[in-house]
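Trainee: Handing you this structure, nothing more for now.
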Amino acid sequence: MSELTMVQAVNDGLKTIMAADESVLVLGEDVGPKGGVFLATENLTAEFGEERCFDTPLSEDGIIGVGIGLAMNGMKPVCEIQFQDFIFPAFDQIVSEAAKMRYRSGGQYTVPMTIRTPYGGGIRGGLYHSQSGEAYFAHTAGLKVVIPSTPYDAKGLLISSIQDPDPVLFMEPKALYRAFREEVPEGMYTVDLSTVREVTQGGDCVVFCYGAMVPVATEAAERIKESRNKDVRVIDLRTLMPLDEESILQAVKDCGRAVVVHEAPRFCGYGAEISAMIAENVIEHVEAPIKRVTGFDTPFPNTLENYYMPDARRVLDAIEEVLDF
Amino acid sequence: MSDILQIIDADGSKTGDAPDLDNQTLIQMFTAIVRTRAFDSRCMNLQRTGKIGFSVPNRGVEATSVGAAAALDTSKDWFAPHYRDFGMLFYNDVPPEAMFDNMFGNNDDSAVGRQMPVHFSFTEPLKWLSISSPLGTQIPQAVGISLASKKRGEDAVALTTFGDGSTSTLGFHSGMNFAGVMKAPTIFLCQNNQWAISCPGHKQTASESYAIKGEAYGVPGVKVDGNDVLAVYTAMTEAVAKARAGEGPTLIEAITFRLGGHSTSDDPTKYVPAEELEAAEANEPLKRFRAYLINEGVLTDESADAIEEQAAAEMLAGARAAEAKGRPVLGTIFTDVWQDQPAHLTQQMEYCIKHYSERDEAVDENGEFPL
Chain A
1 MSELTMVQAV NDGLKTIMAA DESVLVLGED VGPKGGVFLA TENLTAEFGE ERCFDTPLSE
61 DGIIGVGIGL AMNGMKPVCE IQFQDFIFPA FDQIVSEAAK MRYRSGGQYT VPMTIRTPYG
121 GGIRGGLYHS QSGEAYFAHT AGLKVVIPST PYDAKGLLIS SIQDPDPVLF MEPKALYRAF
181 REEVPEGMYT VDLSTVREVT QGGDCVVFCY GAMVPVATEA AERIKESRNK DVRVIDLRTL
241 MPLDEESILQ AVKDCGRAVV VHEAPRFCGY GAEISAMIAE NVIEHVEAPI KRVTGFDTPF
301 PNTLENYYMP DARRVLDAIE EVLDF
Chain B
326 MSDILQIIDA DGSKTGDAPD LDNQTLIQMF TAIVRTRAFD SRCMNLQRTG KIGFSVPNRG
386 VEATSVGAAA ALDTSKDWFA PHYRDFGMLF YNDVPPEAMF DNMFGNNDDS AVGRQMPVHF
446 SFTEPLKWLS ISSPLGTQIP QAVGISLASK KRGEDAVALT TFGDGSTSTL GFHSGMNFAG
506 VMKAPTIFLC QNNQWAISCP GHKQTASESY AIKGEAYGVP GVKVDGNDVL AVYTAMTEAV
566 AKARAGEGPT LIEAITFRLG GHSTSDDPTK YVPAEELEAA EANEPLKRFR AYLINEGVLT
626 DESADAIEEQ AAAEMLAGAR AAEAKGRPVL GTIFTDVWQD QPAHLTQQME YCIKHYSERD
686 EAVDENGEFP L
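Here it is as structure tokens:
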């Protein structure tokens, strides 16, 4: 057991699965000797050789297209897209190809590929190093979308994603890469996909969140405990697709009030789906409007990013609003 | 770059060194071309009578497909094709019925009725990757497929095929570039049939050829008469040997002509000049190969006719058999999204079957179509 940051846990997860399974390959821009721009792939080439972890030309479409081919022919590629903002040239390969291959071939061809990509704000990255595009991908049948929020989950969910028989988009909240450390077991372990994590216990209100918004929501829950002695249940969704609908609805039944938090824009965002799911299925248990706390429906700003991304104060306001309704 | 490899000219006369092929293989090539044309013609009938929705005419390009397929070893090599290469399937003895199953989207279709016609997918008797409609996407995939084989120390190659229009796609650029850098054992076969739907070559590229595009990627490019099955075979055989020997990829431009429309929905008389079509008809691949084989004493007029008649009969039988089959069951809308069906899809499947079994007399409570 050692104390690792999230990016170290990602690195440890990759090393663990590469040592255990020779078919796991890592490819992407600068993932080789440099170890990736965030060092998530540090020392993989040194440890496993250039055949297993290799640099590619600067072409997201190529990285994913080649990754799909590797996956169909017996490999388990882990493709890195350096920033999620740069993934769009590969959108066709991801959405038209990887996501549909099993379906369109009646199961003859499958794509056990993982795409790792850092996403989200908080590093002064501006328009093109800060976006949260999870909704585009969660909307696509055939893709799994996984977002960890802790070092422990990052390693366990990453290994589960790589072992999964279908394509997984593994989005890493770069704001949390080095935000804190926690105990991460050595060696192999997995965290099941499509399971939520209860971050705090409570029955007065539930806050659904994921990725970098988990510590923000948790801080809001702590503050409302102090100020009003209310117990807020923070739920980290961890897998956005396919999601653990039962746990989500149960939490709403238990708490009667719900808030959804994400840093992606609001319109057609992931929170709209959670909100609709609650309204369609358990409206009789809901005692207040379902509130969303999200980024704004603008491109992502640079200098003013802290005013764009939800903070604990905005989450707190939403919780108070639903508690007081 | 200006040399175009040719072995048989438009009259069927030998103009170059013929590859050393036994008569059985030559007849297999001829039969595949003939069957492709018979399949094409049967599909046109089916589409014009409203029995299938769509097809993609292959008339004119058959020699490119068949010559290329003949150079591969299906026990290990892969095909990452585009949609106008039916000859590759016929060369490898895919039963016509299996292809018509896809044209009808019936319950024996390997794509489970999920794709439009001509989007074939096979693992046997050849590794024929499920065809996509977005263009060029199969090109980098072929590179990945061949790299996986190379990493395991195997000498398998991947062939990817695409039309002239697809040389303008992202996939062509990234696939060629990756293959050049990584010395991937990939063969890139550009079927230059002169038209990307209605777009002629001079509006597609300012390059002097498609083959020359390889140079910029460090991938040798060769041009071949795509209506000459032996020339295509010869160019492919050289490219395959290089790839197996670890010498990297080759781009082959096969110059041919699409004698039909882009699809059954297209009217090429609106944009293909009549005189150009007439000239291309005179240059078409079936007639010349037939003349060549008769000249060489491999076939006689009678035996060639017999092959053509048999192909027409096989296509009719295959189409009738496929037409008689039922639709895939309703539940197949919801399977194969992932290996394991998640809860929300099970719910949607149950809803769909219940909804239609209560309202549509063609559907029973199991989601099947008993009528």
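Chains as they are written, first to last, in the working numbering: chain A, 1 to 325; chain B, 326 to 696. Backbone N, C-alpha and C fix where the C-beta goes; we use that ideal spot for every residue, glycine too.
To the nearest angstrom, report how far apart MET345/B and MET75/A are at their CA atoms.
Mentor: Per the sequence shown, the amino acid found at residue 345/B is Asp instead of Met. Those two C-alpha atoms are separated by around 37 Å.
Trainee: Over what stretch of residues does the beta strand (DSSP E) that includes TYR119/A continue unbroken?
Mentor: Looking at the DSSP string, the run of the beta strand (DSSP E) that includes TYR119/A is 114 to 119.
Trainee: Let me check one thing: in DSSP terms, what residues is MET241/A bridge-paired to?
Mentor: For MET241/A, which the question treats as bridged, DSSP gives the partners VAL145/A.
Trainee: Taking ARG613/B and ALA629/B to be in contact with their CB atoms under 8 Å, please state how far apart those CB atoms are, rounded to whole angstroms.
Mentor: In fact, because the Cβ distance is near 13 Å, the residues do not count as touching under 8 Å.
Trainee: If we count Cβ pairs, one from each stretch, closer than 8 Å, do we get three or more for the region 452 to 469 of chain B versus the region 663 to 683 of chain B?
Mentor: Contact fails: fewer than three Cβ-Cβ distances are below 8 Å.
Trainee: Let me see if you follow: with CB-CB separation under 8 Å, is ILE278/A close to chain B or not?
Mentor: Closer than 8 Å: no.
Trainee: Tell me, please, which residues DSSP counts as bridged to TRP520/B.
Mentor: Answer by DSSP bridge pairing, in chain order: PRO525/B.
Trainee: Does any CB atom of chain B fall closer than 8 Å to the CB of ASN281/A?
Mentor: no
Trainee: So what's SER96/A in DSSP terms, helix, strand or just coil?
Mentor: helix
Trainee: Under 7 Å Cβ to Cβ from MET213/A, same chain only, skipping five residues before and after it: list those, please.
Mentor: VAL261, HIS262, GLU263 and PRO310
Trainee: Report the three-state DSSP secondary structure of MET171/A (helix, strand or coil).
Mentor: strand
Trainee: Evaluate contact between the region 541 to 551 of chain B and the region 574 to 585 of chain B, counting only Cβ atoms and requiring at least three cross-stretch pairs below 8 Å.
Mentor: yes
Trainee: Are ILE290/A and ALA312/A touching if we call contact CB-CB under 8 Å?
Mentor: no
Trainee: Buried or exposed for ARG233/A, going by 16 or more other Cβ atoms inside 10 Å?
Mentor: buried
Trainee: Is PRO465/B close to chain A, meaning its C-beta is less than 8 Å from at least one C-beta of that chain?
Mentor: Contact with chain A is found for PRO465/B, since one of that chain's Cβ atoms lies less than 8 Å from the residue's Cβ.
Trainee: In whole angstroms, give me the CA-to-CA distance for ALA436/B and ILE464/B.
Mentor: Their backbone Cα atoms lie some 21 Å apart in a straight line.
Trainee: Return the first residue and the last residue of the beta strand (DSSP E) that CYS368/B is part of.
Mentor: From DSSP, CYS368/B is part of no beta strand (DSSP E) but of the alpha helix (DSSP H) over 348 to 373.
Trainee: Name, please, each residue of chain A whose Cβ falls closer than 8 Å to the Cβ of SER455/B.
Mentor: Annotation: Cβ neighbours of SER455/B in chain A (cutoff 8 Å, chain order): MET101, ARG104, SER105, GLN108 and TYR109.
Trainee: Looking at C-alpha atoms only, which residue of ALA607/B, ASP434/B and ILE619/B is the closest neighbour of ALA644/B?
Mentor: ASP434/B
Trainee: Is ILE68/A helix, strand or coil when you go by DSSP?
Mentor: ILE68/A: helix per DSSP, three-state reduction.
Trainee: Compare the C-beta of LEU655/B with all C-beta atoms of chain A and state if any pair is closer than 8 Å.
Mentor: no
Trainee: Can you say whether GLU627/B is buried or exposed, counting buried as having 16 or more other CB atoms within 10 angstroms of its CB?
Mentor: exposed
Trainee: Which residues in chain B have a C-beta closer than 9 Å to the C-beta of THR56/A? List them in chain order.
Mentor: The answer, in chain order, is PHE503, VAL506 and MET507.
Trainee: When burial is assigned at 16 or more other CB atoms within 10 Å of the CB, is GLN349/B buried or exposed?
Mentor: exposed
Trainee: Between the C-alpha atoms of LEU44/A and ARG52/A, what's the straight-line distance to the nearest angstrom?
Mentor: In a straight line, the C-alpha of LEU44/A is about 8 Å away from that of ARG52/A.
Trainee: Pull up the distance between the alpha-carbon of ASN229/A and that of LEU143/A, whole angstroms please.
Mentor: 41 Å
Trainee: I'd like to confirm the pairing. Which residues does DSSP put opposite SER628/B in its beta bridges?
Mentor: Answer by DSSP bridge pairing: none, since SER628/B is not bridged.
Trainee: Going by DSSP, name the residue or residues bridged to PHE277/B.
Mentor: Chain B is shown only over 326 to 696; residue 277/B falls outside these bounds and no answer can be derived.
Trainee: Apply the 10 Å Cβ neighbour rule to SER160/A and answer buried if 16 or more other Cβ atoms are within range, or exposed otherwise.
Mentor: buried
Trainee: Less than 7 Å between C-beta atoms, sequence neighbours within five positions excluded: which residues of the same chain meet that for TYR681/B?
Mentor: So the qualifying residues of the chain are LEU655 and VAL688.
Trainee: Pull up the distance between the alpha-carbon of LEU25/A and that of PRO77/A, whole angstroms please.
Mentor: 5 Å
Trainee: Determine, using beta carbons only, whether ARG439/B comes closer than 8 Å to chain A.
Mentor: yes
Trainee: Evaluate the contact criterion for the region 348 to 363 of chain B versus the region 382 to 393 of chain B: three or more CB pairs, one atom per stretch, below 8 Å.
Mentor: Under the Cβ criterion (8 Å, minimum of three pairs), the region 348 to 363 of chain B counts as touching the region 382 to 393 of chain B.
Trainee: Can you give the beta carbon distance from THR581/B to GLN516/B, rounded, assuming they're within the 8 Å contact cut?
Mentor: 6 Å
Trainee: Which residues, in order along the region 16 to 29 of chain A, keep a beta-carbon less than 7 Å from a beta-carbon of chain B?
Mentor: Answer set for the region 16 to 29 of chain A: empty.
Trainee: What runs of the alpha helix (DSSP H), each 4 residues or longer, lie entirely inside the region 384 to 445 of chain B?
Mentor: Listed in chain order, the complete alpha helix (DSSP H) runs (minimum 4 residues) inside the region 384 to 445 of chain B are 387 to 394, 411 to 416 and 421 to 429.
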